[in-house]
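Heads up, the thing below is written out as structure tokens.
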Ligand SMILES: Nc1ncnc2c1ncn2[C@@H]1O[C@H](COP(=O)(O)OP(=O)(O)OP(=O)(O)O)[C@@H](O)[C@H]1O
Ligand SMILES: Nc1ncnc2c1ncn2[C@@H]1O[C@H](COP(=O)(O)OP(=O)(O)OP(=O)(O)O)[C@@H](O)[C@H]1O
Ligand SMILES: [Mg+2]
Ligand SMILES: [Mg+2]
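Protein chains in written order, with my numbering: chain D, 1 to 311; chain A, 312 to 553; chain E, 554 to 795; chain C, 796 to 1044; chain S, 1045 to 1293.
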């Protein structure tokens, strides 16, 4: 690549979902491999600070694109009427999971009854827990959620302050690193609630409506990076380390490896990043059932641009 | 020049001054003498416009005093020097604040005069009590106003310095007469310097008696005529004690 | 009781004292007189153990002074009152600090004596300069030590209060003699009160001359014998000026 | 008159805020209008007041503890140059650690209860208290220190009868800075792990995208701060009347 | 001697920390040992120093701006009781808002660059500066104020030739509190949205369970704080020599 000078390329601001872990490394891969450049884009990557902040920054025009949890996006869109819209699903299945440590009394979903789970208030894991609990056949009221900040969660689990934590499945190596060799038990929501998407690529409604070419170009380049990344986890780790020296290439590669089956699950035949209206409708219904959004407050078209999504 | 009209002042229950009536003519030098706590400092602060009297009023140059004015200087009972300024810079303060222009050489002169040559660059805390008082005196003289209010300006000084500075004050007054209201505890000093000596009664302060000093100038301490007037003032002071 | 042995002191370039040799006998009252800035306060601070002299040493009761000691009181040139304490509480400070037990009635007595009855509960800033000085005097008297160092204790007072307090000091001294080193600018006061008057030369301070006052007590101002000694002291002071 | 001015100031600011949200058409998800915020409060007044009490109590407890610990530290630091040189830099260093970053440690050691919040409050409050107390005690006029020395006063007397009194007005400056930090400290403690309190409300509402609820909680925080601050001002008036007139003796 | 004591203090604390990690067998992900932390630093020294410079610059810029804004505010507040009554409570309220909670607002308005960090620093620094400056200027001895009044001095002269000078020692207390808060403020700003700086290192490493890297970053923060703090102490010695001896005139 590298044919065009930066000056003639369109400048784009992009926010990762949270910090610069392996799960968000594909943007750096797209950068490093020249996918953005080939698409005529000059992208600045900034680490995000969580779904709601990312949505606000995109809505406020500080960033053109960002990655946020799909469920959180749906809830926020319903409650705050943010002018944002989803243009691609990064993971076809939710990464949300309850993570515990082996020997800590949690091995199966049924073991969760009567346990203490540490989690960020309002996270997907907590919001969707009733749905998950129902699918697992346990009473959600018998599980206590202890609110806590995300960075503290692995430590709290390792120190035994809580029995389990809300975490993304890709956080497993991280938790195991914190727990110094103890194995982690991961209970992914996706196993029991397969409809849920993971993260989503969002942009402002303004860009979706008036600069759809840009949205398409960016989405394409980013998803190309995502595809390359899940095919080359080791290289992804190295690229991330190059851009973010504070990150551990090995941990990042392991995360990418874990994430691959969620981006493209076994048996999935669609295109990477695909979004389908029936699935989104089912998700909205689930959210209404879980009490996360009022009935009738949001329709799929309000926060998803199916026309811009791949597939 | 200065006219106190039935000036009275009470500080939260303490009657400091009770009905002062006093006129000071232009270029007159009036000494005020009285027991400690009888309200002398209060009188000067009222004349300077720092304090509004509870009753009565003060006129300076025919106008009622409501705020301090640049033509009146007050030398405080305590030196009140700025601790962060050198001696010289303290003396120059009025020139800066009043915009009197370049006064360095005059400040040096004044400091030399009061025996502080060589201490110009010291900070106040490096001076003895009497030296600080002399700095304060220089500052007050630098202001060069029409009306000078002086609150025990020589109290911390030894007899010889006192005499020297009294003579200096007489000389200045001869060369360029000013209206002066001068608080002192020394009867001899009052008689030496003043045209009239006002004796205040003890708290609450009232004008007890005014003694004229009808003597030619320059005067010098120790002359018999002065002693005579001094005796009269002492007698008047003695009466108020009884 | 107090012995200065070749005591000299220099403050960053300023020679304040140059070789003071002086002995004060037990129960003797010695007055120190000298030009402003000649080192009198410095001398007292050295004797009180607040300042270590650059050279020489001071013995009190035969022991070298290295730190302040409870049997020596120092009355400062400035009142140094604690602004948050009432007049009474300020006077009682030494009793608290030295653990002298209940001294309230004595404090009241002392305040009455100096004419501050009724001001016990006032804060220092509500007093005139002379009144503050009297509070400081009461505080110093309450300490009731064997050795009293007094730095111009009457400088802010009027002549009558001064005389009253001098008499009071003489009475106290008669009833319960103490060793006193007393700085003053008033020759008359020095001669009235002291057994000996020490005249210091101007900066750097040195003992210029010591005048004995061989007069019986009680003495009263205005007596001819006193005037004679006064004249001698004045002459000695005059010499140091020349 | 006294009460009118703060109200006027408040109205001015709220007015400016309202105008800003209208004129610049600030998106409500960024900065909700005062009306939205008031609406959020009126939906859950009882609950929010309960959370306010929780946070206030944590802040006050931590603040009180900071005074109890901080003033003696200041005494030690002023009393001994050796201690000062050894430990002052460490205190500075401690203060520079972002509290939110050590939060997990704090929660692990002190649990999810009030303990971890109080510790957070102490961590943010102690430095201003120590430094203002120490500096106030140091600035005691030499003539008063010499007075105590001349009385052969013990160190304890010099500290408790002189320096601490002299320092009181400056200590109050430290206390006033600390009390507003205390509230922030409690909230940060609640961000990290709590089941109640205004910080919990803010972090929950942030995640569920209820910006006006978050602002309502912050408005309550501001009220708590202002109330605690002026309580200190009142206490100062009671305790330090001699300094109020700013006279010198 | 002067340099030995702080080093001793440091050694004492680091020793205690090391011992604690060994004796209590504190898990390294909670509290890594000093050795681990040093190791983390030595892996990326150049990168970490670069981040340190970024954060220091933000802190210093924000601090300087706070002084430039805060001192005039204090002048206004001292100069006018009306302004004080109207706006002091608002300043208190502003200080009570947890900065991390308004972060998205700040980033939307000021961007991901240095602007939003400097604003954060100003928000945390300004209050101690205003309050200490105001209180210092208020405590000017009455006799000096009367001196200026007797000279019929203008307000400007009274403020700039008297009150501000008198307040300097107290202003420095405010500055010293602020400078350590400035570093924390910059870090919080970086938590919120940044591409560089020690706060960025902490937030990325903290969550990737690289606790010793986070602690290395915090140790660097502490160093920055201590250096800036003692730079102020030096400046104070230069500017306020008359107060150093704590004499009164
Ligand atoms: N702290 C100090 N630092 C520097 N110089 C000082 C200090 N204290 C006193 N001096 C100097 O020492 C000399 C003697 O001062 P001292 O206060 O003893 O004089 P004094 O005889 O008491 O004068 P006065 O009658 O005016 O009180 C003066 O020249 C003064 O400048
Ligand atoms: N700020 C104040 N508050 C309350 N009372 C005061 C105040 N200033 C002075 N007084 C009272 O007013 C009376 C007169 O005080 P003033 O200072 O005028 O006396 P003075 O004649 O100057 O005495 P001195 O010769 O001792 O200086 C005193 O009784 C004092 O207690
Ligand atoms: Mg007076
Ligand atoms: Mg002296």
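C-beta atoms are modelled at their ideal positions from N, C-alpha and C, and glycine is treated no differently.
These figures come from a predicted structure and were not determined experimentally.
Which listed residue (the options) has its alpha carbon closest to that of residue i
| i | options | result |
| --- | --- | --- |
| residue 809(C) | 1063(S), 1193(S), 1131(S), 1165(S) | 1131(S) |
| residue 525(A) | 349(A), 431(A), 543(A) | 543(A) |
| residue 832(C) | 1014(C), 948(C), 1035(C) | 1014(C) |
| residue 991(C) | 18(D), 107(D), 148(D) | 148(D) |
| residue 477(A) | 530(A), 549(A), 441(A) | 530(A) |
| residue 1189(S) | 1238(S), 1201(S), 1141(S) | 1201(S) |
| residue 764(E) | 617(E), 593(E), 756(E), 750(E) | 750(E) |
| residue 1023(C) | 967(C), 961(C), 927(C) | 967(C) |
| residue 1268(S) | 1134(S), 1095(S), 1257(S) | 1095(S) |
| residue 1199(S) | 1148(S), 1174(S), 1123(S) | 1123(S) |
| residue 482(A) | 399(A), 548(A), 452(A) | 452(A) |
Within 8 Å, strictly: CB atoms of residue i and residue j
| i | j | result |
| --- | --- | --- |
| residue 491(A) | residue 340(A) | yes |
| residue 760(E) | residue 604(E) | no |
| residue 643(E) | residue 677(E) | yes |
| residue 312(D) | residue 239(D) | Outside the shown range of chain D (1 to 311) lies residue 312(D), about which nothing can therefore be said. |
| residue 1221(S) | residue 1172(S) | yes |
| residue 1276(S) | residue 1219(S) | yes |
| residue 825(C) | residue 1152(S) | yes |
| residue 994(C) | residue 850(C) | yes |
| residue 201(D) | residue 222(D) | yes |
| residue 989(C) | residue 835(C) | no |
| residue 74(D) | residue 288(D) | no |
Beta-bridge pairing of residue i - partner residues as DSSP gives them
| i | result |
| --- | --- |
| residue 938(C) | Paired residues: none, contrary to the question. |
| residue 458(A) | 383(A), 490(A) |
| residue 199(D) | 69(D) |
| residue 44(D) | 13(D) |
| residue 304(D) | 86(D) |
| residue 758(E) | 570(E) |
Cβ-based burial, residue i [other Cβ within 10 Å; buried from 16]
| i | result |
| --- | --- |
| residue 842(C) | exposed |
| residue 665(E) | exposed |
| residue 729(E) | exposed |
| residue 1233(S) | buried |
| residue 125(D) | buried |
| residue 955(C) | exposed |
Proximal chain F residues relative to residue i, where beta-carbon distance stays under 8 Å
| i | result |
| --- | --- |
| residue 987(C) | The structure shown contains no chain F; its protein chains are D, A, E, C and S. |
Quiz item: When Cβ atoms are compared, which residues of the segment 49 to 64 of chain D fall closer than 7 Å to chain S?
Solution: 49, 53, 56, 57, 60, 62
Exercise. Taking a Cβ distance cut-off of 7 Å, strictly less, list which residues of the segment 1205 to 1228 of chain S are near chain C, in chain order.
Key: Within the segment 1205 to 1228 of chain S, the qualifying residues are 1213, 1214, 1217, 1220, 1221, 1224, 1227, 1228.
Quiz item: Taking any Cβ of chain C, which residues in the segment 112 to 139 of chain D have a Cβ under 9 Å from it, in chain order?
Solution: 118, 120, 121, 122, 123, 126, 127
Exercise. Determine which residues of the segment 430 to 447 of chain A have a Cβ less than 7 Å from any Cβ of chain E, and write them out in chain order.
Key: Residues of the segment 430 to 447 of chain A that bring their beta carbon within less than 7 Å of a beta carbon in chain E comprise 437, 439, 440, 441, 442, in sequence order.
Quiz prompt | Under 7 Å (Cβ pairs) to chain S, residues found in the segment 913 to 944 of chain C | solution = 922, 923, 926, 927, 930, 933, 934, 935, 936, 937, 938
Exercise. Please name the residues in the segment 345 to 373 of chain A whose beta-carbon is closer than 9 Å to at least one beta-carbon of chain E, in chain order.
Key: 345, 346, 347, 348, 349, 350, 351, 352, 353
Quiz item: Of the residues that make up the segment 826 to 847 of chain C, which ones have a beta carbon closer than 9 Å to any beta carbon in chain D?
Solution: Answer in chain order: no residues at all.
Practice problem: Report the residues of the segment 639 to 671 of chain E with a CB closer than 9 Å to any CB of chain C, ordered along the chain. | Solution: Those would be 646, 647, 649, 650, 651, in chain order.
Quiz item: What residues from the segment 713 to 746 of chain E come within 7 Å of chain A, judged by C-beta to C-beta, listed N to C?
Solution: Result list: 713, 714, 738, 740.
Exercise. Note down, in chain order, all residues in the segment 5 to 37 of chain D with a beta-carbon under 7 Å from any beta-carbon belonging to chain S.
Key: For the segment 5 to 37 of chain D, the residues whose beta carbon sits under 7 Å from a beta carbon of chain S are, in order, 19, 20, 21.
Quiz item: Just by C-beta distance, which residues in the segment 810 to 827 of chain C are closer than 9 Å to chain E?
Solution: Within the segment 810 to 827 of chain C, no residue qualifies.
Self-check item: chain S contacts made by the segment 233 to 245 of chain D, where a contact means CB separation under 8 Å
Solution: 244, 245
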